[in-house]
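The numbers in the numbering used here rise by one with no breaks, and the one at position 4 of the sequence shown is 793.
This report concerns only the one structure given below.
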Amino acid sequence: MLKISFIAHDRKKDEMVNFITAYEHVFKDHQLYSTGTTGQRIMEATELKIHRYMSGPLGGDQQIGAMVAQNDMDLIIFLRDPLMAQPHEPDISALLRLCDVQGIPLATNIATAEILVKALDRGDFAWRELVHKYKPGIQEGEA
790 MLKISFIAHD RKKDEMVNFI TAYEHVFKDH QLYSTGTTGQ RIMEATELKI HRYMSGPLGG
850 DQQIGAMVAQ NDMDLIIFLR DPLMAQPHEP DISALLRLCD VQGIPLATNI ATAEILVKAL
910 DRGDFAWREL VHKYKPGIQE GEA
């Protein structure tokens, strides 16, 4: 069971809901997370249960980022709107950077999201289970 997050900017929410609905069978056996409104919209359209954080501008991106920083997230689908300025752009940049630091697969458009979900469906994410199995705990004096 993997931990998967969904984030979508306002003009991408319909696209996200349609995408998740199409692949509901793939996501149903995983732990799902999302920013507020995106998660609510997905739950209204599907049978999926999603742990919802705050909306992105209110800190939801940072809450998901905290999981990424702890290497406690396995996949993020973040449908960004590249044509619209976002007031919380620093939070978005920080989340993208954390995914790069931790090696967390991140899709920022529907084409990449589909490739990652097809890989997830095939079982190509088994390597993430090894990451969790051998994840080092916090050593004394590191906190």
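From the three backbone atoms N, C-alpha and C, an ideal C-beta is built for every residue, glycine too.
Values in this document were obtained by computation on a predicted structure and should not be read as measured data.
Legend entry - Phe795 (DSSP reduced to helix, strand or coil): In the sequence shown, residue 795 corresponds to position 6, counting from 1. Three-state DSSP puts Phe795 in a strand.
Legend entry - Pair within 7 Å by beta-carbon distance, Ser794 and Tyr812: The residue labelled residue 794 in the question sits at position 5 within the sequence shown. The residue labelled residue 812 in the question sits at position 23 within the sequence shown. Cβ atoms of Ser794 and Tyr812: not closer than 7 Å.
Legend entry - Within the segment 875-923, ranges of the alpha helix (DSSP H) (whole runs, at least 4 residues): 878-891, 899-911 and 915-922
Inset, instruction - Identify which residue in Thr901, Leu919 and Arg911 has its Cα closest to the Cα of Phe808. - result: Indexing the sequence shown from 1 puts residue 808 at position 19. The shortest C-alpha separation from Phe808 is found at Thr901.
Inset, instruction - Can you say whether Arg917 is buried or exposed, counting buried as having 16 or more other CB atoms within 10 angstroms of its CB? - result: Start at 1 with the first residue of the sequence shown, and residue 917 comes out as number 128. Label assigned to Arg917: buried.
Legend entry - Residue span of the beta strand (DSSP E) that contains Gln820, given as start and end: Here residue 820 refers to the residue found at position 31 of the sequence shown. Counting along the chain, the beta strand (DSSP E) containing Gln820 begins and ends at Gln820 to Ser823.
Legend entry - Buried versus exposed, by CB contacts within 10 Å (16 or more), Asp880: Within the sequence shown, the letter at position 91 stands for residue 880. Buried is the call here.
Legend entry - Contact check, Ala797 vs Thr827, beta carbons under 7 Å: Locating residue 797 in the sequence shown gives position 8, counting from the first residue. Locating residue 827 in the sequence shown gives position 38, counting from the first residue. A contact, by the Cβ cut-off of 7 Å.
Inset, instruction - Note down, in chain order, each residue of its chain lying with its Cβ closer than 6 Å to the Cβ of Glu929, except the 5 sequence neighbours on either side. - result: For the purposes of this step, residue 929 is taken as the residue at position 140 of the sequence shown. Because the pLDDT at Glu929 is just 48, under 50, the model does not fix this residue reliably, and the value given afterwards should be weighed accordingly. Non-local C-beta neighbours of Glu929 in its own chain, meaning closer than 6 Å and more than five positions away in sequence, are absent.
Legend entry - Reduced DSSP secondary structure (H/G/I, E/B, other) of Arg830: Counting from 1 along the sequence shown, the entry for residue 830 is found at position 41. It is helical.
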